[in-house]
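Numbering (our numbering), first residue to last: 990 to 1054.
In structure tokens, the structure reads:
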């Protein structure tokens, strides 16, 4: 599978939060030591960070208005 190609998905804030929670639940049983976890968990955690950043940006725009 190609790591260079990207997938873009548009979600509502609610959908993004639900997906983020599901991904977090899927990985919470693993340590945060990158040497001791599968690559899949590292990739999922990177996706969680991207979702968190976008949600934070949207929510901060709403509070600034």
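C-beta: ideal position from N, C-alpha, C; glycine also.
Remember, predicted model here, so these are calculated numbers, not experimental data.
Residue i, buried or exposed, once every other Cβ within 10 Å from all chains shown has been counted against 16
{"i": "residue 1016", "result": "buried"}
{"i": "residue 1029", "result": "exposed"}
CB contact flag (residue i, residue j, <8 Å)
{"i": "residue 1002", "j": "residue 1047", "result": "yes"}
{"i": "residue 1009", "j": "residue 1037", "result": "yes"}
Length of the line joining the Cα atoms of residue i and residue j
{"i": "residue 1052", "j": "residue 992", "result": "36 Å"}
{"i": "residue 1049", "j": "residue 1042", "result": "11 Å"}
{"i": "residue 1054", "j": "residue 1044", "result": "16 Å"}
{"i": "residue 1018", "j": "residue 1035", "result": "16 Å"}
{"i": "residue 1005", "j": "residue 1040", "result": "7 Å"}
Check: Can you list, in chain order, the stretches of the alpha helix (DSSP H) that have 4 or more residues and sit fully within the stretch 1000-1030?
Finding: 1002-1016
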